[in-house]
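Novice: Listed in order, the protein sequences are those of chains A and B.
The opening residue of the first sequence carries number 16 in the numbering used here; numbering runs sequentially from there.
The opening residue of the second sequence carries number 600 in the numbering used here; numbering runs sequentially from there.
Yeah, the Cβ is synthetic: ideal placement off N, Cα and C, and Gly gets one too.
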Amino acid sequence: MRAGPNRATRTKPESERPGHGFHAGETFARAPSGDCIGGRRSLRIETRIAGSAARAALAGLALAAGWLGAARPAAAVASPWISNPQSRVRLISGDLVAPQQGELRLGIHFRLAPGWHAYWKNSGDAGFAPVVTWKDVPGLAVPELLWPAPHRFELPGGLEAFGYSDEVVYPFRAATAPIGGRPTGGPAGRRTALRLGANVDYLVCAVDCVPYRYDLALDQPLGERAEADPRTGPLLDRWWRQVPLAAGRRPGPAGTPALASRAEMTLARSAAPGELRLTLRLPGVTAAPGGADLFFESHPALELGRPRARAADGGLLFEVPVRRKDTSMPLPATTAIAWTATGLKQDGLPTPLALAARQELAVPTADASAPASKPSAPGAETSPPGAGRTGPGRRVRGFLAAGDPRVVALAAVAAALLTLEAWGLLRLRPRRRTAAIADGAAPVRRSGRREAAGFLVLLVTLGLLYALSLEISAEGLAGVELALLAMSLVAWLRRRIERSGPARLLLAAALAACTILPPWLAGRNRLAADPAALRDASLAVGGGPFRSTTSTTAFDRRSFDA
Amino acid sequence: MRDRRISTAALFAAGLVLAATAALATGEVGTSAPGFQLKAVDGKSYSLADFKGKVVVLEWVNPHCPFSDRHAREKTMIELAKQHGEVVWLGINSTNPRSGDFETPADYQAYIQQQGISYPVLYDDSGATGHAYGARTTPHMFIVDLQGKIAYNGAIDDDPSGRKPKAQRVNYVGKGLDSERTGGKPDPASTKPYGCSVKY
Numbered sequence: 016m017r018a019g020p021n022r023a024t025r026t027k028p029e030s031e032r033p034g035h036g037f038h039a040g041e042t043f044a045r046a047p048s049g050d051c052i053g054g055r056r057s058l059r060i061e062t063r064i065a066g067s068a069a070r071a072a073l074a075g076l077a078l079a080a081g082w083l084g085a086a087r088p089a090a091a092v093a094s095p096w097i098s099n100p101q102s103r104v105r106l107i108s109g110d111l112v113a114p115q116q117g118e119l120r121l122g123i124h125f126r127l128a129p130g131w132h133a134y135w136k137n138s139g140d141a142g143f144a145p146v147v148t149w150k151d152v153p154g155l156a157v158p159e160l161l162w163p164a165p166h167r168f169e170l171p172g173g174l175e176a177f178g179y180s181d182e183v184v185y186p187f188r189a190a191t192a193p194i195g196g197r198p199t200g201g202p203a204g205r206r207t208a209l210r211l212g213a214n215v216d217y218l219v220c221a222v223d224c225v226p227y228r229y230d231l232a233l234d235q236p237l238g239e240r241a242e243a244d245p246r247t248g249p250l251l252d253r254w255w256r257q258v259p260l261a262a263g264r265r266p267g268p269a270g271t272p273a274l275a276s277r278a279e280m281t282l283a284r285s286a287a288p289g290e291l292r293l294t295l296r297l298p299g300v301t302a303a304p305g306g307a308d309l310f311f312e313s314h315p316a317l318e319l320g321r322p323r324a325r326a327a328d329g330g331l332l333f334e335v336p337v338r339r340k341d342t343s344m345p346l347p348a349t350t351a352i353a354w355t356a357t358g359l360k361q362d363g364l365p366t367p368l369a370l371a372a373r374q375e376l377a378v379p380t381a382d383a384s385a386p387a388s389k390p391s392a393p394g395a396e397t398s399p400p401g402a403g404r405t406g407p408g409r410r411v412r413g414f415l416a417a418g419d420p421r422v423v424a425l426a427a428v429a430a431a432l433l434t435l436e437a438w439g440l441l442r443l444r445p446r447r448r449t450a451a452i453a454d455g456a457a458p459v460r461r462s463g464r465r466e467a468a469g470f471l472v473l474l475v476t477l478g479l480l481y482a483l484s485l486e487i488s489a490e491g492l493a494g495v496e497l498a499l500l501a502m503s504l505v506a507w508l509r510r511r512i513e514r515s516g517p518a519r520l521l522l523a524a525a526l527a528a529c530t531i532l533p534p535w536l537a538g539r540n541r542l543a544a545d546p547a548a549l550r551d552a553s554l555a556v557g558g559g560p561f562r563s564t565t566s567t568t569a570f571d572r573r574s575f576d577a
Numbered sequence: 600m601r602d603r604r605i606s607t608a609a610l611f612a613a614g615l616v617l618a619a620t621a622a623l624a625t626g627e628v629g630t631s632a633p634g635f636q637l638k639a640v641d642g643k644s645y646s647l648a649d650f651k652g653k654v655v656v657l658e659w660v661n662p663h664c665p666f667s668d669r670h671a672r673e674k675t676m677i678e679l680a681k682q683h684g685e686v687v688w689l690g691i692n693s694t695n696p697r698s699g700d701f702e703t704p705a706d707y708q709a710y711i712q713q714q715g716i717s718y719p720v721l722y723d724d725s726g727a728t729g730h731a732y733g734a735r736t737t738p739h740m741f742i743v744d745l746q747g748k749i750a751y752n753g754a755i756d757d758d759p760s761g762r763k764p765k766a767q768r769v770n771y772v773g774k775g776l777d778s779e780r781t782g783g784k785p786d787p788a789s790t791k792p793y794g795c796s797v798k799y
């Protein structure tokens, strides 16, 4: 059997397992006991001090610090790095000296090998989010993990992952408090340090994935007043600023209210059966140069697809296809959707902005795909005002409520092909015409009936294109029409080439490409569902009552520049 | 001749529509399980239609994936398949033959014997079956019920890192099969699968 990156993991005997699902060494590693020492002991590892004078000065400083009741290290408060071929990880504190009572900023700092990524709280299609388990420390609340704005990674097969590459610090917000428990040192009742320990369980992936687990620890000096660490403090600040702004929360250490925005989220039925359409409107922002993106936390009932962002009405509009995970069960009346928008640009802010919220939304009712729909009793149906009004547009939209724009585009392609066939432009073998010309006979005339059929099918094609225009953007429609035009041109050119050869083969390939392009364009350029229009369509086709729901969240935009 | 050409074009168009419809299926719970006919590592051919009227468990596998491999070593699926002898259990490997994770039948057979895997493992080289089900990870589990509909889609259990003792894990597939046995439905019917991405 060929050796793979993780092959060694399954050749080890059972007895070598360290009580974890993954083996030590390759896919599991635990720091040797006593190695993960930070704080003062880490000085010996991370700082090189030459000369006895320097050592004497340091000893004096340490004595002075001890006299003041605070242990003050002269370098980063961090655990040593633990390394593996794909990543390095350590525990850091943002404070040389943390307050006896107050906020404590911590972080799990990763450096990742090129091509490898670690995960956000929703890992995407594969992987899993890191799990950090803190050891109980008297007088320290369990630290809260704040997730920096993630990035999107494309994986083979159209899959995607959400996370971080190169470097990431997962910031943790903790709070020290007067202890009811035992002091960790110093004068009675006063602590001079906290020994912090965290078990980190994480997965790194490139194409392959490797899970690791480590114990990390550091000694956090305490004092009367907080003092930022000149090395890890700015690093932690930088990643803290990448934590999305949340409504009603103060995520940054130096945050000040600056701007306000309103996010409007809508969940509505889509044209495709069983599919919903989520739109998120963020007024007052544009996409930053790197591009805006939208991420969701995993949802128990809904599969939130890949978003598309576009500028609209002085802001950004995200459109997201949503599918039900379980079509056999009715959807709940309301649901909470947690989102994070990244790469947002706001005038006056020097760096891209990320926003996050959890919004409660009512779920559209009368889902046509729900299998357990009850037939209504005769006479029991109540028609809202306007329900009886129908028109061509509404009928077409009603028809489309049972279809997908990609299928409509495909049907348009099929109709166009039939038209070309009826007009003799799709002839597979050129021999007959060649032979006819060689025989001196006139080219075969198409019968009038057949040409008329071609025109009829062309009308169907145009009707389908009109239907498509209601569901996809103008750019998308233009693309579809150009593809159909190109298909006709290629068919015409192909017919003019008398002999089989590379040119005809090339044109056949181009013809095939032209048939694939319209459904793809329709899928990419699908419009967000217009709740009002869909309601009308729903009523016009007897789809029952429809509710489109909107939820708005106000944000306090803050500038984090200290 | 003319009629034949029109018929050919119509068939071609219908084929395109069918292909697109199949491409849109993503294995949601409650939908019909996409059919397949795949060749197993031992060379035998298996079709979902052969198991009509039986509960079928589909497990997406990749022996190079630490998660898939861990469950093979821990015999999570092997023991579960034994406990539920009434169920047809099929492993499916959708790894692209060009991927470094692809195993030849001989190597795969050796792995199967080494781990004591008792159920057929099928090759889905094109990835068509994986895409039809929306398989994303290894392992990614599906339960197909007696009516041929997808009854469960998601993870094998609630312990991605394998940190918990085996007895303390919630095995979603085990729970789902117990429900199926008593005429109920798996609850939860859908969870987030974890593991390596399928190497399409």
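How far does the beta strand (DSSP E) with Ala372 (chain A) in it reach, from first residue to last?
Specialist: Residues 368-377.
Novice: Once the 5 residues before and after Gly361 (chain A) are set aside, which same chain residues still bring their CB inside 6 Å of it?
Specialist: The sequence as given places Gln at residue 361 (chain A); Gly does not occur at that position. Val300, Leu368.
Novice: In whole angstroms, what is the alpha-carbon distance linking Gln579 (chain A) and Val655 (chain B)?
Specialist: This structure gives no information on residue 579 (chain A), because the portion of chain A shown stretches from 16 to 577.
Novice: Pull up the CB-CB distance for Pro633 (chain B) and Ala731 (chain B), whole angstroms please, since I reckon it's below 8 Å.
Specialist: Going by Cβ atoms, the distance from Pro633 (chain B) to Ala731 (chain B) rounds to 4 Å, so yes, they are a contact pair.
Novice: Since Thr728 (chain B) and Asn661 (chain B) are thought to touch, with beta carbons under 8 Å apart, how far apart are those beta carbons, to the nearest angstrom?
Specialist: So it is not a contact: roughly 14 Å between Cβ atoms.
Novice: Relative to the ligand GTP, is the shortest distance from any of its heavy atoms to the C-beta of Ala506 (chain A) smaller than 6 Å?
Specialist: You won't find the ligand GTP in this model; it holds no ligand whatsoever.
Novice: Taking DSSP's pairing of strands, which residues face Leu155 (chain A) in a bridge?
Specialist: Answer is A:Thr191, bridged to Leu155 (chain A).
Novice: Any beta-carbon of chain A closer than 7 Å to the one on Thr675 (chain B)?
Specialist: No, Thr675 (chain B) lies away from the interface with chain A (no Cβ there is under 7 Å from its Cβ).
Novice: With distances taken Cα to Cα, identify the nearest neighbour of Arg120 (chain A) among A:Glu159, A:Gly142, A:Pro95.
Specialist: Closest by alpha carbon: A:Glu159.
Novice: Give the C-beta separation of Ser484 (chain A) and Leu492 (chain A) to the nearest angstrom, bearing in mind that I take them to be a contact with Cβ-Cβ under 8 Å.
Specialist: Yes, they are in contact, since the Cβ atoms of Ser484 (chain A) and Leu492 (chain A) sit about 5 Å apart, within 8 Å.
Novice: Note down, in chain order, every chain A residue with its Cβ under 7 Å from the Cβ of Gly794 (chain B).
Specialist: Result: Ala141.
Novice: With 9 Å as the limit, tell me which residues of the stretch 665-698 of chain B have their beta carbon closer than that to any beta carbon of chain A; keep them in chain order.
Specialist: From the stretch 665-698 of chain B, only Pro665, Phe666, Asp668, Arg669, His670, Ala671, Arg672, Glu673, Ser693, Asn695, Ser698 have a Cβ closer than 9 Å to chain A.
Novice: In the structure shown, what three-state DSSP assignment does Gln767 (chain B) receive?
Specialist: Here Gln767 (chain B) sits in helix by DSSP.
Novice: Measuring only between beta-carbons, confirm whether Ala621 (chain B) sits less than 7 Å from chain A.
Specialist: Its pLDDT being 42, under 50, Ala621 (chain B) is placed unreliably in this model, and the value from its coordinates should be taken loosely. Closer than 7 Å: no.
Novice: When the Cα atoms are used, what is the spatial distance from Ile487 (chain A) to Glu496 (chain A)?
Specialist: Near 12 Å, if we compare the C-alpha coordinates of Glu496 (chain A) and Ile487 (chain A).
Novice: Can you give me the C-alpha to C-alpha distance between Leu233 (chain A) and Ser693 (chain B), rounded to a whole angstrom?
Specialist: Between Leu233 (chain A) and Ser693 (chain B), the C-alpha separation is close to 44 Å.
Novice: Using a beta-carbon distance below 7 Å, is Arg780 (chain B) in contact with chain A?
Specialist: Arg780 (chain B) does not count as touching chain A.
Novice: Determine the chain A residues that contact Ala788 (chain B) at a beta-carbon separation under 9 Å, and present them in chain order.
Specialist: Lys340, Asp341, Ser343, Met344, listed in chain order.
Novice: Go to His730 (chain B), then tell me how far its alpha helix (DSSP H) extends in each direction, as first and last residue.
Specialist: Its alpha helix (DSSP H) spans residues 727-732.
Novice: If we ignore side chains and look at the alpha-carbon of each, how far apart do Ala498 (chain A) and Ala302 (chain A) end up?
Specialist: Looking at the two C-alpha atoms, the distance is approximately 30 Å.
Novice: Going along the chain, which residues of the stretch 294-327 of chain A sit with their C-beta nearer than 8 Å to a C-beta in chain B?
Specialist: Those residues of the stretch 294-327 of chain A that come within reach of chain B (Cβ to Cβ, closer than 8 Å) are Ser313, Pro315, Ala316, Glu318.
Novice: Cβ atoms of Asp140 (chain A) and Leu174 (chain A): under 7 Å apart, would you say?
Specialist: Closer than 7 Å, so yes.
Novice: Taking only three categories from DSSP, how would you classify Gln714 (chain B)?
Specialist: The answer is helix: DSSP assigns Gln714 (chain B) an H, G or I state.
Novice: Using CA atoms only, rank isn't needed, just tell me which of A:Gly289, A:Leu332, A:Arg126 is closest to Pro100 (chain A).
Specialist: When only C-alpha atoms are compared, the closest one is A:Arg126.
Novice: Which residues, in order along the stretch 93-122 of chain A, keep a beta-carbon less than 8 Å from a beta-carbon of chain B?
Specialist: Answer in chain order: no residues at all.
Novice: If I follow the unbroken alpha helix (DSSP H) through Val422 (chain A), where does it start and stop?
Specialist: That run of the alpha helix (DSSP H) goes 420-437.
Novice: Do Val640 (chain B) and Tyr718 (chain B) have their C-beta atoms within less than 7 Å of each other?
Specialist: Result no, Cβ atoms of Val640 (chain B) and Tyr718 (chain B) do not sit closer than 7 Å.
Novice: Under 8 Å by Cβ, that's how I've got Leu334 (chain A) and Arg323 (chain A) pegged, so tell me the actual separation to the nearest angstrom.
Specialist: Before going further, note that residue 334 (chain A) is Glu rather than Leu in the sequence given. Yes, they are in contact, since the Cβ atoms of Glu334 (chain A) and Arg323 (chain A) sit about 5 Å apart, within 8 Å.
Novice: Can you tell which of B:Ser796, B:Lys784, B:Gly773 has the C-alpha that lies nearest to the C-alpha of Lys681 (chain B)?
Specialist: Selected option, being the one with the closest Cα: B:Gly773.
Novice: Using three-state DSSP, classify Glu673 (chain B) as helix, strand or coil.
Specialist: Helix.
Novice: Please report the residue range of the alpha helix (DSSP H) in which Glu513 (chain A) lies.
Specialist: No alpha helix (DSSP H) holds Glu513 (chain A); DSSP gives it neither H nor E.
Novice: Under three-state DSSP, which class holds Val475 (chain A)?
Specialist: In the structure shown, Val475 (chain A) sits in a helix (DSSP, three-state: H, G or I).
Novice: Could you compute how far the alpha carbon of Pro202 (chain A) sits from the alpha carbon of His132 (chain A)?
Specialist: With a pLDDT of 48 at Pro202 (chain A), under the threshold of 50, the modelled position of this residue cannot be trusted, and the question is left open.
Novice: DSSP state of Tyr751 (chain B), grouped into three classes?
Specialist: Tyr751 (chain B): strand per DSSP, three-state reduction.
Novice: For chain A, is any of its Cβ atoms less than 7 Å away from the one on Lys791 (chain B)?
Specialist: Yes - at least one Cβ of chain A is within 7 Å of the one on Lys791 (chain B).
Novice: Using Cβ-Cβ distances below 8 Å, what residues of the stretch 502-519 of chain A are close to chain C?
Specialist: The question asks about chain C, but that chain is absent: this structure's protein chains are A and B.
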